[in-house]
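Structure, as structure tokens:
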Amino acid sequence: MSTKPKNETLILFLALLITGVLIALGLGFFREQIFGSSGSGTGGTNPNGNPPIEQVSDRLSTGDRNLIPDDGTLDKQAGIDAFKASNFDEAMTRLEASLRSQPNDPEALIYFNNARAGAAQSVKIAVSVPIGSDLNGAKEILRGVAQAQNAVNQAGGINNAWLKVLIADDNDSAETVKQVASELVADQNVLGVVGHFSSDATIAASEIYTQGKLGSISPVSSSVKLSGLSPYTFRTVPSDYVAARALANYMQTTLNEQQAAVFFNSQSGYSQSLKSEFVTALALGGGQVTNELIFLTLD
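If you use the numbering used here, the sequence shown corresponds to residues 16 to 314, in order.
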């Protein structure tokens with residue numbers, strides 16, 4: 016496909032990814048880290064020991080680049096090399112062999128399905144995750160997307176078209192997120208985006224997606240600032256409004272406590288959002304936050 020989708024295609028995409036990501040996200044609704052991300056843009060060595068990425072294009076891959084080297088096998092690399100050469104049959108064979116030895120590698124499964132599509136008619140979406148700053152969180156989301164893509168393609172695709180997935184590493188950094196989002200909007204074949212990870216990242220990308228009229232859906236962002244932010248920005252989890260009231264209710268009715276101290280990260284939009292909603296919820300129930308303590312992680 017070479018143009019942006021009609022509304023019904025976007026709705027189909029959203030329904031598919033909501034189901035797939037929720038099934039595979041075993042870490043629950045609140046996998047997003049309360050103490051924020053260590054993402055630092057494009058410079059330096061990332062926390063996983065991988066070399067720095069200088070070009071935005073180096074952060075994007077449908078199968079021609081290994082974005083998660085620590086999950087690498089000889090077969091996986093051979094499959095990526097074959098994919099890069101448009102030898103899709105060989106890529107499928109090698110990636111399938113890699114999956115037999117590492118069945119939980121979501122990148123290999125996504126690339127396998129992309130090779131399966133080859134040069135045939137396809138529907139393309141993107142998934143943007145923080146590989147460089149939170150590899151485990153990135154893998155959880157990728158597993159959900161890989162599972163959904165595999166299920167769709169095994170069932171014959173979407174309107175006889177294969178489902179292709181472009182993986183993006185946005186490092187959960189606002190600057191990099193905006194660069195990645197701009198690249199995805201510029202790609203007329205991308206019909207929608209699964210992402211981003213933290214609330215700050217999702218908010219940073221929202222304006223760009225809105226301008227480009229590209230739908231996005233985050234599996235973990237929960238800040239109340241996302242509610243009604245854009246008709247092109249969605250999420251699969253409740254906002255912090257819901258979570259905070261559940262926490263306050265548990266504290267006051269089950270623990271029979273009315274006072275609490277709150278630790279939060281002033282540099283994290285997610286942490287600030289949850290803290291603010293909890294303080295409000297506790298006060299509405301007759302409770303009180305006696306102290307607010309800022310917690311910061313040192314690089």
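Idealized CB from N, CA, C, for every residue including glycine.
Looking at Asn-306: is its Cβ nearer than 7 Å to the Cβ of Ala-276?
yes
Assuming Val-252 and Val-239 form a contact by the criterion Cβ under 8 Å, report the distance between their Cβ atoms to the nearest whole angstrom.
Contact flag wrong, Cβ pair sits at about 12 Å.
Residue environment, Asn-151, which counts as buried when at least 16 other CB atoms sit within 10 Å
exposed
Go ahead and label Arg-158 buried or exposed: buried means 16 or more other beta carbons lie within 10 angstroms of its beta carbon, across all protein chains shown.
buried
Could you tell me which uninterrupted alpha helix (DSSP H) segments, each at least 4 residues in length, are contained entirely in the segment 239-276, listed from first to last along the chain?
255-264
How many Å lie between Gln-274 and Ser-214 at the Cα?
28 Å
Reference Asp-202; option with closest CA among Ser-233, Ile-218, Glu-105 and Lys-139
Lys-139
Ile-309, buried or exposed, once every other Cβ within 10 Å from all chains shown has been counted against 16
exposed
Have a look at the DSSP bridge pairing and note the partners of Phe-279.
Ile-309
Nearest-angstrom Cα distance between Ser-288 and Leu-311?
16 Å
In this structure, how does DSSP classify Gly-210 when only helix, strand and coil are distinguished?
coil
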